[in-house]
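Structure, as structure tokens:
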Amino acid sequence: NAGVTQTPKFQVLKTGQSMTLQCAQDMNHEYMSWYRQDPGMGLRLIHYSVGAGITDQGEVPNGYNVSRSTTEDFPLRLLSAAPSQTSVYFCASSYTWHTQDNEQFFGPGTRLTVL
Amino acid sequence: GDSVTQMEGPVTLSEEAFLTINCTYTATGYPSLFWYVQYPGEGLQLLLKATKADDKGSNKGFEATYRKETTSFHLEKGSVQVSDSAVYFCALRRSETSYDKVIFGPGTSLSVIP
């Protein structure tokens, strides 16, 4: 199993550009989510999905879109990049969403810089 | 609302020293509690967890006990190694009607020097 994979590892964008961060998992996990990690703020939930075709907003969704057309993939789209979106982005998955002791598995992260 | 508070550090210890990283939480109901570790350049990985009051999670020499009376989940290790240098995140997870709510603390950076 590859676990949770993310591409790219690093990305530099100019303000106003759009891009998609890719996330895939091969563990047949129901629940997938995107976090951003900023210094001193821990991880904040951007969007999440409880299954194919079902997505919802987390704590900081503005400026981001997601879709979940398959169980495996959960891409994150930046519509018009802003410097405030400079961050490290982590994708995570867990087997199910309705058992609160489930472990989350994290990808290696994407470091995004918006100039 | 739900929250997790932990000492931010950075914490610097000598090898074989005793480690405590404090974590307290605020949440309604009975959340599950977790410690995740992030090694340099990597994503987070689960270190240990506890799902109810007085449970003790343990792994790789680390321990933490779910204390409901003090709403705490402090991480301890008796003798740290250089390889334990990482960022440690305390987190809680509470089921709601529509999704699991996961709250992370800000992370505590640990450096262990030989």
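As you go down the protein sequences, you meet chains H and L in turn. Be aware that the first sequence starts at 10, since it is given in our numbering, and climbs by one per residue. Be aware that the second sequence starts at -17, since it is given in our numbering, and climbs by one per residue. Even glycine gets a Cβ: it sits at the ideal position worked out from N, Cα and C. Treat the numbers as computed from the prediction; the structure is a model and nothing was measured.
Asked                                                                                                              : Found
Own chain partners of Lys110(L) with C-beta closer than 6 Å, once the 5 adjacent residues on each side are dropped : Residue 110(L) falls outside the range modelled here, since chain L spans only -17 to 96, and no answer is possible.
For Asp36(L), the three-state DSSP class (helix, strand or coil)                                                   : coil
CB contact below 9 Å: Glu(-10)(L) versus chain H                                                                   : yes
Inter-residue CB distance, His5(H) and Tyr40(H) (contact presumed, cutoff 8 Å)                                     : Within the shown structure, residues of chain H are numbered from 10 to 124, placing residue 5(H) beyond reach of any answer.
Residue closest to Thr119(H), alpha-carbon to alpha-carbon, out of Cys32(H), Arg77(H) and Asn10(H)                 : Cys32(H)
Range covered by the beta strand (DSSP E) that runs through Gly60(H)                                               : Gly51 to Gly60
Beta carbon proximity, Ser42(H) to chain L, threshold 9 Å                                                          : yes
Cβ contact check for the region 13 to 30 of chain L and the region 83 to 93 of chain H: 3 or more pairs under 8 Å  : no
Boundaries of the beta strand (DSSP E) in which Gln66(H) is found, first to last residue                           : Ile63 to Gln66
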